[in-house]
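6 protein chains.
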Amino acid sequence: MAARLEALRDLWELDQPTIGGWCAIPSAISAELLGVAGFDWVVIDAQHGLVGFEDLAVMLPALSNAGVPALVRVPWNEPSAIMKALDAGAQGVIVPMVNSPEDARLATEACRFPPRGNRSWGPVRPSLYDQEYAPATANRNVICAVMVETVDAVASVDDILAVPGIDAVFVGPSDLAISAGFLPSADPTEPVHLELIETVLKACKARGIVAGIACGNAGLVRRWRDEGFRMLAVPSDMSLLSDAAAQLLRDIG
Amino acid sequence: MAARLEALRDLWELDQPTIGGWCAIPSAISAELLGVAGFDWVVIDAQHGLVGFEDLAVMLPALSNAGVPALVRVPWNEPSAIMKALDAGAQGVIVPMVNSPEDARLATEACRFPPRGNRSWGPVRPSLYDQEYAPATANRNVICAVMVETVDAVASVDDILAVPGIDAVFVGPSDLAISAGFLPSADPTEPVHLELIETVLKACKARGIVAGIACGNAGLVRRWRDEGFRMLAVPSDMSLLSDAAAQLLRDIG
Amino acid sequence: MAARLEALRDLWELDQPTIGGWCAIPSAISAELLGVAGFDWVVIDAQHGLVGFEDLAVMLPALSNAGVPALVRVPWNEPSAIMKALDAGAQGVIVPMVNSPEDARLATEACRFPPRGNRSWGPVRPSLYDQEYAPATANRNVICAVMVETVDAVASVDDILAVPGIDAVFVGPSDLAISAGFLPSADPTEPVHLELIETVLKACKARGIVAGIACGNAGLVRRWRDEGFRMLAVPSDMSLLSDAAAQLLRDIG
Amino acid sequence: MAARLEALRDLWELDQPTIGGWCAIPSAISAELLGVAGFDWVVIDAQHGLVGFEDLAVMLPALSNAGVPALVRVPWNEPSAIMKALDAGAQGVIVPMVNSPEDARLATEACRFPPRGNRSWGPVRPSLYDQEYAPATANRNVICAVMVETVDAVASVDDILAVPGIDAVFVGPSDLAISAGFLPSADPTEPVHLELIETVLKACKARGIVAGIACGNAGLVRRWRDEGFRMLAVPSDMSLLSDAAAQLLRDIG
Amino acid sequence: MAARLEALRDLWELDQPTIGGWCAIPSAISAELLGVAGFDWVVIDAQHGLVGFEDLAVMLPALSNAGVPALVRVPWNEPSAIMKALDAGAQGVIVPMVNSPEDARLATEACRFPPRGNRSWGPVRPSLYDQEYAPATANRNVICAVMVETVDAVASVDDILAVPGIDAVFVGPSDLAISAGFLPSADPTEPVHLELIETVLKACKARGIVAGIACGNAGLVRRWRDEGFRMLAVPSDMSLLSDAAAQLLRDIG
Amino acid sequence: MAARLEALRDLWELDQPTIGGWCAIPSAISAELLGVAGFDWVVIDAQHGLVGFEDLAVMLPALSNAGVPALVRVPWNEPSAIMKALDAGAQGVIVPMVNSPEDARLATEACRFPPRGNRSWGPVRPSLYDQEYAPATANRNVICAVMVETVDAVASVDDILAVPGIDAVFVGPSDLAISAGFLPSADPTEPVHLELIETVLKACKARGIVAGIACGNAGLVRRWRDEGFRMLAVPSDMSLLSDAAAQLLRDIG
Ligand SMILES: [Mg+2]
Ligand SMILES: [Mg+2]
Ligand SMILES: [Mg+2]
Ligand SMILES: [Mg+2]
Ligand SMILES: [Mg+2]
Ligand SMILES: [Mg+2]
């Protein structure tokens with residue numbers, strides 16, 4: 001695991017794009033399947049996916065076994081959700097609805113032990129594999145990605161990015177669209193919507209922070225990659241499965 | 001499902017009373033059983049019932065299959081609990097301990113997408129059945145019932161009801177009794193207790209908001225129905241089962 | 001626990017009737033609820049109840065905690081199902097569809113260590129509470145009830161009862177009715193059906209073996225108790241709950 | 001549900017082909033997703049899928065809610081597995097490795113109540129929706145599909161088909177290939193392999209029994225449909241998801 | 001259960017030390033095993049242990065059956081986590097990261113019904129065993145232990161202890177060490193670290209509140225017991241198991 | 001994983017002893033903990049451990065991640081249990097109560113695809129990691145260990161070993177003791193008991209088949225290793241944990 005996780009940080013440090021898979025199905029075997037599919041990282045979505053703690057506690061070892069860094073999107077910006085995901089072995093978290101520097105501070109501090117934050121000691125699963133696991137190592141390794149996905153958040157994006165400890169900003173285009181008065185859309189076309197996304201990207205670039213985004217299809221992955229996003233999430237397992245079944249039925253005729 | 005859910009709103013709009021079943025047992029089959037028993041709606045009680053997220057994620061499809069609208073009483077007034085219940089397919093939530101307009105705003109906003117609230121987009125289960133599922137539809141359909149169950153809440157009931165987006169107020173007579181200095185009671189007899197309940201009912205009537213209440217037995221359902229409550233919950237599956245076993249043993253002698 | 005279990009054998013040895021609760025819902029809390037309801041024993045129905053091994057492994061401690069002897073009706077007359085139930089702490093098993101002496105031997109031998117049977121050693125849960133737990137004790141304590149529930153089984157009932165190690169015979173009236181060409185019925189009225197039941201009862205009395213039967217209601221418990229049945233099972237939690245909900249809705253009107 | 005199930009039998013009686021989805025992931029939400037995808041029926045694969053009884057007990061209500069007939073492929077030709085699947089609400093079973101008339105009799109008898117078989121009475125979930133649920137109805141409705149998937153089975157196919165109560169024969173091309181000395185293949189090309197499949201198809205046609213087959217891709221569905229197969233299973237959710245992820249990564253480049 | 005729980009309070013009132021076991025493994029059987037091992041109380045660690053609500057809901061009956069008082073360390077100082085643990089039958093909670101009187105008030109009030117707090121009525125499991133279960137009894141019985149485990153918390157320890165309703169203060173030496181700038185350590189040796197611990201102990205003694213601490217080994221239990229700690233927790237099941245396996249492999253050579 | 005598994009076969013081919021851990025607790029995290037403890041292989045005990053299929057399906061990825069070959073002791077000599085364990089990714093099985101060549105044939109054939117056996121094709125988890133996974137590879141890799149643990153089995157041990165496809169014979173000393181008329185014992189001292197064990201060992205040596213045995217403590221591991229056993233299982237996680245807790249309490253005093 002360590003190798004792959006270091007690889008991810010290395011890729012980001014070399015400003016290389018990375019592609020992530022997305023688990024919404026609460027199952028170890030579907031997670032493991034995505035884990036071996038070739039993604040650079042995989043998210044377990046405990047926000048909108050139907051995933052509770054017992055689920056992610058068995059999905060994480062499956063993803064580790066697949067040799068891919070596993071992030072958990074926590075249900076909300078809550079210390080307990082963030083810390084439990086990390087104790088269960090997530091290499092990092094994606095924290096939704098970070099709309100202000102205060103929100104960002106809450107998220108980053110939950111990811112880091114003192115003096116950088118207030119994470120509580122008890123790294124039950126990570127320490128199985130690293131007897132020398134220590135606060136400093138953990139603070140270096142754990143990835144904290146915050147979601148900027150409202151108009152308010154974009155307005156404060158520079159202040160948010162100024163909060164120490166943010167490794168990446170992950171844009172949620174659907175929530176951002178709704179917050180801007182549009183329909184949620186996998187394929188942003190509204191100029192205002194696009195401008196909001198670009199604002200986030202520019203702010204990230206200016207600070208050397210990885211910019212990420214949820215992409216509704218392969219074309220969007222390519223497009224945002226070309227623009228400079230380095231953390232590109234593909235549609236969820238449920239979307240892929242649903243589309244594949246529909247396509248198959250069309251192919252059968 | 002749509003039909004039955006619309007039927008519930010229709011009944012309420014016609015000022016018709018509705019009866020709800022109550023699931024405290026964390027099991028899909030006991031939920032499905034209550035779902036087909038003839039209730040107008042069924043609650044999965046994730047507050048005092050022994051129900052966690054993994055449980056409700058499998059109880060909700062069972063209740064859908066039974067063709068009955070399913071509400072989730074969330075453990076506490078927390079956005080993550082409310083949003084996860086809705087993403088998993090609950091037609092609405094009952095939010096406990098709403099004691100102030102601020103509490104009410106927190107609850108209603110978690111139930112609705114912008115601009116009416118801050119619900120985050122990702123309606124995983126509802127969108128399986130409605131490819132056109134959109135924020136506006138969701139905002140119209142989702143039922144937000146807030147619990148008024150303390151002396152403080154009753155004192156602020158008018159201000160609470162003034163918060164936009166409350167579909168129903170659900171009275172918790174036991175908590176209200178304790179908060180007023182009495183023993184929790186399924187059958188309110190203390191004048192002060194009764195007066196508190198009446199105060200809520202009147203406030204709801206004045207605003208055209210559905211009033212609901214937990215009823216300890218059939219007689220209380222009839223009584224509160226006659227008084228004007230339109231959302232009448234019967235005792236939980238655990239109470240029914242416990243009473244049925246006791247009665248059976250008495251009948252055997 | 002020991003006390004209550006001994007009490008059950010004592011009651012049977014004094015030819016006293018005993019009443020049993022029936023768990024079809026796969027849940028520790030509904031099991032525990034029935035466990036404290038006042039029954040002399042409780043069955044976890046892993047045959048027709050929606051109960052798998054993971055379920056019964058958590059229902060058994062709940063029933064132990066309630067202080068009531070717990071039997072498991074296994075899905076079928078299979079050694080693995082019988083032995084796993086006993087290792088998980090069931091005080092005994094009810095084995096369905098025992099239609100011949102060979103079937104009976106298969107069942108009783110799976111319940112007992114050599115030389116009385118072929119149960120394999122590994123009493124994981126029972127030995128938590130009895131460090132002196134030994135094959136001889138186990139062989140004495142474990143209850144093996146076999147179901148006689150087909151016309152063929154009744155025809156062979158004397159040979160079945162002659163198999164050593166049968167503690168009780170449990171009649172399944174519904175399967176017996178179907179096997180005799182009638183509809184499954186909670187309340188046997190067909191003379192042929194009744195005669196089959198009486199045949200089993202007489203054979204049990206002749207050998208001093210406890211006779212048991214599933215009873216569709218309190219009246220049938222009283223009737224079969226008067227006839228001499230000593231192991232009287234009431235309807236399942238699902239039946240009780242379903243009837244209670246229906247009655248409640250009728251009472252509400 | 002009844003409508004859709006009748007529709008399936010109707011389609012078969014009109015000699016119309018039907019397409020089935022395949023669940024190997026142990027999850028209610030992925031099952032429900034396939035349930036709404038447009039298939040005529042869906043299989044929960046408890047043989048090679050990672051599905052245990054607790055899993056299928058929550059996947060079945062999800063599939064019912066999706067309005068699609070649900071079959072369970074049981075792990076092996078065992079009465080307990082067949083009967084528990086039916087009690088949990090499966091509309092039918094697919095029984096693997098039916099290699100002889102004796103095997104077929106074991107399978108069909110486990111699906112039917114006396115006098116047609118030896119299924120034991122306790123239809124816990126089906127009777128929730130049909131208070132008149134009776135042995136005769138159940139015997140008519142339950143679908144028993146047996147797998148012919150070895151050289152020996154093909155050699156005995158006429159004797160197997162002569163066993164009363166077989167609704168469909170389902171060919172497992174991979175096992176059949178291995179048993180004939182070939183590699184397991186989603187796309188049979190070996191003449192001997194093809195001939196074995198054709199032999200089964202002809203035997204089914206001669207007896208008016210539905211022939212089914214697992215198809216590795218859309219082209220094979222079309223091909224076998226043209227040949228006269230009427231029960232055409234598509235690749236499992238795991239296959240679809242794996243292929244979709246691989247294709248997506250190729251599309252991204 | 002009642003007997004043992006009273007015994008715990010009695011021991012504390014007699015100023016007797018008590019030893020507690022620690023469950024981090026999410027399993028009813030390992031909890032039950034620790035429950036019978038001879039500890040005075042056992043904690044289910046839902047903070048750093050891999051334990052979610054569904055897990056603790058089945059671990060609690062197992063611990064009750066073992067006859068030992070069960071505490072739950074909740075994931076965070078949140079009312080929903082505290083109240084759900086108590087409704088599921090925990091005899092008390094250990095609340096992490098109580099750093100101020102405000103934190104302490106939040107914790108203690110969530111443990112007690114009005115007028116002492118804001119716990120909501122619905123004691124589903126406790127009331128199974130005590131039909132007279134009432135707010136006053138519950139308020140007396142429930143144990144609220146708060147964790148003092150940061151430098152800030154120690155600085156405010158007198159104010160924290162002044163909050164009514166604290167039964168015990170539980171020191172987390174690892175978090176305290178990190179907060180003081182040291183490595184987390186099972187065996188505090190840094191004078192500053194030791195002084196912080198002593199400060200808490202003295203404050204507890206001054207107020208007659210039980211002092212507790214997590215102890216990394218038997219020697220530390222003896223040491224802290226001699227110093228006056230009365231709530232001494234041993235290493236978790238995971239630590240014990242890990243050490244035992246390592247020792248065994250060393251013994252084998 | 002492949003590396004470690006090959007290492008196990010290599011060790012056996014070099015006649016080197018190997019030590020195995022034993023999981024009776026149904027939990028992915030306790031399995032993973034044993035997986036990293038340094039054993040050469042780990043068994044998930046689905047016979048006497050409280051482990052069902054859903055449990056082992058999540059324990060296997062955890063053990064894979066720990067990098068240790070995982071065997072499953074199946075509940076009984078049944079094809080469905082054996083095949084499901086292998087499809088879920090077990091590197092092999094330990095089959096209890098193999099008392100005759102017929103039993104041995106049933107076990108070995110369930111482990112191997114035709115023409116060597118009758119395993120059915122569907123290696124869901126193994127094929128995630130090996131797209132070239134094929135019957136011949138699987139037949140070579142899968143480990144089939146049969147338990148010789150009765151007097152009858154020892155009497156037939158030569159005939160049992162003559163059955164092709166047995167990789168190892170695993171002695172169950174407790175069952176063997178009971179079958180020989182003794183108490184189950186972790187430390188065989190009865191000459192008759194010891195002689196039975198030696199008979200198995202000699203027969204294995206004569207055929208070049210690995211001999212294995214369950215060892216009650218480190219001393220017995222050394223003793224049996226010196227005698228020539230090459231598959232040495234230590235006490236279960238439950239035993240280790242129970243002993244560790246007892247020792248700790250003694251050390252505390
Ligand atoms: Mg979002
Ligand atoms: Mg309340
Ligand atoms: Mg029966
Ligand atoms: Mg096959
Ligand atoms: Mg701490
Ligand atoms: Mg054995």
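Protein chains in written order, with UniProt numbering: chain P, 1 to 253; chain B, 1 to 253; chain X, 1 to 253; chain C, 1 to 253; chain Y, 1 to 253; chain U, 1 to 253.
Ideal placement from N, C-alpha and C gives every residue a C-beta, glycine not left out.
Note that the structure is predicted; figures quoted are calculated from it, not measured.
Contacts around residue i, its chain only, beta-carbon distance under 8 Å, and the 5 residues preceding and following it disregarded
i	result
Leu106 (chain C)	Asn77, Pro79
Glu13 (chain X)	none
Distance CB(residue i)-CB(residue j) smaller than 8 Å
i	j	result
Met59 (chain X)	Val124 (chain C)	no
Thr18 (chain P)	Leu232 (chain P)	yes
residue 257 (chain C)	Ser242 (chain C)	Since the displayed chain C opens at 1 and closes at 253, residue 257 (chain C) lies outside it and no answer follows.
Trp22 (chain Y)	Val51 (chain Y)	no
Asp94 (chain X)	Phe170 (chain X)	Checking the displayed sequence, the identity of residue 94 (chain X) turns out to be Ile instead of Asp. Contact flag set, yes.
Cys144 (chain X)	Ile160 (chain X)	no
Asp55 (chain P)	Pro96 (chain P)	no
residue 295 (chain X)	Gly212 (chain X)	Examination of residue 295 (chain X) is not possible in this model, given that chain X is present from 1 through 253 alone.
Asn141 (chain X)	Arg112 (chain X)	no
Ala203 (chain Y)	Val157 (chain Y)	yes
Residues of its chain near residue i, where Cβ-Cβ distance is below 6 Å and the 5 sequence neighbours each way are ignored
i	result
Asp175 (chain X)	Glu149
Met1 (chain C)	Reliability fails at Met1 (chain C), whose pLDDT of 40 lies under 50, so the model's placement of it is uncertain and the value that follows must be treated cautiously. Cβ neighbours of Met1 (chain C) beyond the five flanking positions: Ser64.
Leu183 (chain X)	none
Leu240 (chain P)	none
Own chain partners of residue i with C-beta closer than 7 Å, once the 5 adjacent residues on each side are dropped
i	result
Met83 (chain P)	Ala110, Arg119, Ser120
Leu8 (chain B)	Thr18, Asp40, Trp41, Pro69
Ala244 (chain B)	none
Gly228 (chain P)	Leu201, Lys205, Ala211
Asp87 (chain C)	Gly122, Pro123, Val124, Arg125
query = How would the residue list near ligand 5 read, in chain order, if you kept each one whose beta-carbon is closer than 5 Å to any heavy atom?
reply = P:Ser120, Y:Glu149, Y:Gly172, Y:Asp175
Near-chain Y residues of the stretch 109-120 of chain P (beta-carbon distance less than 8 Å), N- to C-terminal order = Phe113, Pro114, Pro115, Asn118, Ser120
Where the stretch 39-62 of chain P meets chain U: residues whose CB sits under 8 Å from a CB there = Ala57, Val58, Pro61, Ala62
task = Jot down the residue ranges of each uninterrupted alpha helix (DSSP H) in the stretch 131-162 of chain C, minimum 4 residues, whole runs only, in chain order.
result = 135-141, 151-155, 157-161
task = Could you name the residues of the stretch 65-96 of chain U whose beta carbon sits closer than 7 Å to any beta carbon of chain C, in the order they occur along the chain?
result = Pro79, Ser80, Lys84, Asp87, Ala88
query = What residues in the stretch 118-139 of chain Y have a beta carbon less than 9 Å from any beta carbon of chain X?
reply = Val124, Arg125, Leu128, Tyr129
query = Which residues, taken in chain order from the stretch 173-197 of chain C, show a beta carbon closer than 9 Å to some beta carbon of chain U?
reply = Ser174, Asp175, Ala177, Ile178, Ser179, Ala180, Gly181, Leu183, Pro184
message = Runs of 4 residues minimum, wholly inside the stretch 156-212 of chain X: which ones carry the alpha helix (DSSP H) assignment?
response = 157-161, 173-179, 191-207
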